[in-house]
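**Q** Listed in order, the protein sequences are those of chains A and B.
Numbering-wise (our numbering), the first sequence opens with residue 1 and increments by one.
Numbering-wise (our numbering), the second sequence opens with residue 1001 and increments by one.
Pasting in a structure now, in structure tokens, and then I'll have a few things to ask.
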Amino acid sequence: MLRERVAELVAKASGGELAAADVLAASCGLPALGLNSLAYLRLIDLVETEFDCDVDLDGGYLDTLDGLVEHIAGQLK
Amino acid sequence: MTGSPSAAQVTGLTALPPRTVEFRGARGGQAALTWGQQGIWRSTRWLDDGDPYFNLAWTLPVTGAADLDAVLRAVGRLIERHETLRTAYVPDGKGTSQRVSREGRLTVGVYEAAAKPMSAAKALAAELASTGFDYAAELPIRCAVVCLKGRPRALALALSHLALDGWSLNMVAAEWPRLVAGEDLPAPEWQPLDQAAFERSDPPPGSQALRHWRTGLASAPRSMFDFPRREPEEPRFVRYGMDSPAAAIAAEALAARHGVTTSSVLTVACAALLGAVTGHRTAALQLIVSNRHHPRMGGMAGPAAQDGLCVIDLGDGTFADALGPGHRRTMATYRNGHYDPALVLAAWDEQAWRRGADIDLDAFFNDVRHAGRWQGLPPVDAGDPAALAALRGRTRTFFVGAYAKVKAKIFFATGPAPASCEFYVLVDTAFLPGRTAERMLAGLEELLVRAVTEEVPLDRVAQVAGLEPVRRPAGWTAIGPDWVSLPETEALLRRVCAPGPAALAVEDGGDGTPRLTGYLVAHPGLDTPEAVHTAVMRAAAGRTDVLAPHRYVLCPAPPATPAGWAGCPRLAEGDGRTPSPATTVLGR
């Protein structure tokens, strides 16, 4: 469920260039999907607002959907 | 509020009677400058009044069957929509304010082109932009319509950078055909007046960005240009450009392989090249941050960009190793680019005082690509060396221009080309030869292309890129992230302490790092470590070769021999960093 929601946020951050289904199905990292710097920043804002958590940019988890989901899940505990 | 174009003398254009556009917006008002406006405003103050350096020459096409009246109406609607286009920058007793005029008029030139109206409009736009704006009295927009056989074909524009940045230009470009077609667009939801109010809300935004700056100021080299100056060329600042599809293909391949963005690849490449030339493993760049990721700011016309501090520890590994950490530093910089400039400048001075040197961050990178990426790159497989080598045959480097005055020692920038790596390097020839700018462009391409197929150790970047590292004469030593000329530092200390004797010693700081100790004979006016530090900092302001001693030892009399300072009786000793009103000596 969390994974699906984060994928939706990725799609929203991309300004509609990515569909949540594509994000969920992708086997590559988020930059390889075409997420640019601006979209990344939007994504972090969205994640922090939605889950009331802090996204530390020094973590490597930002590169993939699963890494991001895992990080958020850890923050929510 | 009014504005008018300067007389145009562009070949192939016949002047017709100018027209007047009257406008009346939804509101007017006066407020403090936004933080983004402050950034550009400070830059304009660095130049002489009337200098057109920050003017933007721009051309918009007029398509379809729109007549002159429709085009003029569209110009009026544009100015009514965006308050930034009817904003003056006026003195307010304490500084400068933005003042939005609710209504006014703009004189619009009208010209008939003999042929090629877009080309003629470009030349006309350059002409309009060649004169500086009177920011307090003039509209920040000048424009003229270029017709062909009586039908409008293009709008030539000159805009003040105080009014629009690159992002805003793209917004206006998207709105323009709809305005010409007479479409009724929804009013913008956020304008600089709203932004100014938000930035003064309680609690104010920007606290996280201020922490980011504090951390960066403590870890950045105090200058990337801490080596001997050279005789500058004339004019002093030179800029070269490159058009390289191969560099773009290689950057895309590296970004995909390492899970980073091409913007980060280019940022780390700039850091690596600059670090290789200047002898730094840690590089500090100021990135121009668009500050457009928030939806409200995404829809605001007006300057929003601010400088962000990006400190990249390149490490001891390879260029590829540096990409992941560099990407995260880059992202953190872009995320922390919205801050109160006054608070950052105060933190800057405070950190300079503590570190014992003015902190020079005059190395910049501006990624101006639309949405921060390329689109429509040629379909070349980066893994095919022959294909990439063939593509490199299309690379072109060129001289852009030379300038007398620029507030940067090095300025890297992309261009807006969508299908090629359009890249620029400007250098201050008082520090690096002009040819270094050109070599860095070729070196950037070589570094990126090479890194696709092999590991490039960072200590080989200069060799791979064909760059000559700066040479520091004997007497220069590395102290933390800084290179310091010990003879110059001692000479400065002696000048400050004259007529009393003084000496500089490099001692063990206790944690294995060398520390500088300044010994001197105390005398009236220089009788505490704080007083000495104040005097040293004042004398060292703006210099990139000296570092104030970490510790001062004040003695009643000089030793019998120059080697005897450490054994002298001591009147006082300390780092001299105790906060005092004198901490503003840098006067930034």
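Glycine included, every Cβ here is placed at the ideal spot set by N, Cα and C.
All values derive from a computational prediction rather than experimental measurement.
Which residue from G1299(B), W1167(B), Y1334(B) and G1298(B) puts its Cα closest to that of C1310(B)?
**A** For C1310(B), the nearest C-alpha among the options comes from Y1334(B).
**Q** What residues match up with E1112(B) in a beta bridge as DSSP calls it?
**A** T1014(B) and C1147(B)
**Q** With DSSP as the reference, identify every bridge partner of M1242(B), one or two as the case may be.
**A** T1397(B) and F1423(B)
**Q** Have a look at G1076(B), F1431(B) and A1305(B) and flag the residue whose alpha-carbon is nearest the alpha-carbon of R1230(B).
**A** F1431(B)
**Q** Does the region 1103 to 1116 of chain B come close enough to the region 1182 to 1199 of chain B that 3 or more CB-CB pairs lie under 8 Å?
**A** no
**Q** Check whether the Cβ of A1181(B) lies closer than 7 Å to any heavy atom of the ligand GDP, and answer yes or no.
**A** The ligand GDP is not part of this structure, which contains no ligands at all.
**Q** Suppose the cutoff is 7 Å on Cβ atoms and the five residues either side in sequence are ignored; what does the same chain contact list for F1411(B) look like?
**A** F1364 and L1426
**Q** Closer than 7 Å, Cβ to any Cβ of chain D: which residues of the region 1329 to 1350 of chain B, in chain order?
**A** Checking the listed chains, one finds no chain D in this structure; the protein chains it contains are A and B.
**Q** Give me whichever residues DSSP pairs with N36(A) in a beta bridge.
**A** According to DSSP, N36(A) bridges with nothing at all.
**Q** Can you find a C-beta in chain B that's less than 8 Å from the C-beta of L57(A)?
**A** By this cut-off, L57(A) is an interface position.
**Q** Check whether the region 1262 to 1269 of chain B touches the region 1131 to 1138 of chain B, counting contact only when three or more Cβ pairs, one atom from each stretch, lie closer than 8 Å.
**A** Contact between the region 1262 to 1269 of chain B and the region 1131 to 1138 of chain B is absent, because fewer than three Cβ pairs lie under 8 Å.
**Q** Within a Cβ cutoff of 6 Å, which residues of the same chain sit near Q1038(B), ignoring the five residues on either side of it in sequence?
**A** P1341
**Q** Under the three-state reduction of DSSP, which class applies to A1563(B): helix, strand or coil?
**A** helix
**Q** Closer than 8 Å is the cut-off here; do at least three beta carbon pairs connect the region 1302 to 1318 of chain B with the region 1034 to 1048 of chain B?
**A** The region 1302 to 1318 of chain B, when compared against the region 1034 to 1048 of chain B, does touch it at the 8 Å Cβ threshold.
**Q** State the start and end residues of the unbroken beta strand (DSSP E) segment that holds F1319(B).
**A** Counted as a single uninterrupted DSSP element, the stretch harbouring F1319(B) is not any beta strand (DSSP E) but the alpha helix (DSSP H) occupying residues F1319 to R1335.
**Q** Distance check for H1370(B) and P1061(B), CA to CA, integer angstroms please.
**A** In this structure, the CA atom of P1061(B) is about 19 Å from the CA atom of H1370(B).
**Q** Between A11(A) and chain B, is the shortest Cβ-Cβ distance under 8 Å, so that the two count as touching?
**A** no
**Q** Can the beta-carbon of L1273(B) be found closer than 8 Å to that of A1465(B)?
**A** Yes, they are a contact pair.
**Q** By Cβ distance, which residues of its chain are closer than 6 Å to Y1552(B), with the 5 residues on each side in sequence left out?
**A** G1518, P1529, V1532 and G1576
**Q** If I follow the unbroken beta strand (DSSP E) through P1487(B), where does it start and stop?
**A** Run containing P1487(B): none in the beta strand (DSSP E); it sits in the alpha helix (DSSP H), L1486 to C1497.
**Q** Against chain A, does R1588(B) count as a neighbour if the rule is that its beta carbon must be under 8 Å from one of theirs?
**A** Here R1588(B) scores only 37 on pLDDT, less than 50, and its place in the model is too uncertain to base an answer on.
**Q** Throw me the rounded Cβ distance for the H1327(B) and V1368(B) pair, which I believe falls under 8 Å.
**A** About 19 Å; that fails the 8 Å criterion.
**Q** Taking the straight line between their C-alpha atoms, what separation do you get for A39(A) and V1071(B)?
**A** 35 Å
**Q** Compute the beta-carbon to beta-carbon distance between G1232(B) and Y1403(B), rounded to the nearest angstrom, for a pair I have assumed lies under 8 Å.
**A** Checking the sequence, you will find Pro at residue 1232(B) rather than Gly. Between Y1403(B) and P1232(B) the Cβ distance is about 12 Å, and since that is not below 8 Å, they are no contact.
**Q** Check whether the Cβ of R1373(B) lies closer than 8 Å to any Cβ atom in chain A.
**A** So yes, R1373(B) belongs to the interface.
**Q** Are the C-beta atoms of T1414(B) and some chain A residue less than 8 Å apart?
**A** With 8 Å as the cut-off, T1414(B) does not count as an interface residue toward chain A.
**Q** Is it right to say G14(A) is buried, meaning 16 or more other beta carbons lie within 10 angstroms of its own, or is it exposed?
**A** Sequence check: residue 14(A) is Ser here, not Gly. Buried, since its Cβ has 16 or more Cβ neighbours within 10 Å.
**Q** Roughly how many angstroms lie between the CA atoms of N36(A) and A26(A), to the nearest whole one?
**A** Taking the straight line joining both Cα atoms gives about 16 Å.
**Q** Mind checking who G1160(B) pairs with in its DSSP beta bridge?
**A** In the sequence under discussion, the amino acid at residue 1160(B) is Ser, which differs from the Gly named in the question. Partner(s): N1055(B).
**Q** Over what stretch of residues does the alpha helix (DSSP H) that includes S1097(B) continue unbroken?
**A** Looking at the DSSP string, S1097(B) is not in any alpha helix (DSSP H); the run it does join, the beta strand (DSSP E), is T1096 to V1100.
**Q** Does any CB atom of chain B fall closer than 8 Å to the CB of L18(A)?
**A** Not one chain B Cβ lies under 8 Å of L18(A).
**Q** Per DSSP, which one or two residues make a beta bridge with H1523(B)?
**A** L1526(B)
**Q** Need the endpoints of the alpha helix (DSSP H) that V1449(B) sits in, please.
**A** G1434 to T1453
**Q** Would a C-beta distance cut-off of 8 Å place L1516(B) and L1547(B) closer than the cut-off?
**A** Between L1516(B) and L1547(B), the CB-CB gap stays under 8 Å.
**Q** Please identify the residue among D45(A), D56(A) and K77(A) whose C-alpha is closest to the C-alpha of D6(A).
**A** The sequence shown places Val at residue 6(A), rather than the Asp named in the question. Taking only the C-alpha atoms, the option nearest V6(A) is D45(A).
**Q** Would you mind listing the alpha helix (DSSP H) stretches within the region 1228 to 1290 of chain B that are 4+ residues and don't spill past its ends, in chain order?
**A** Within the region 1228 to 1290 of chain B, the complete alpha helix (DSSP H) runs of at least 4 residues fall at 1245 to 1258 and 1262 to 1278.
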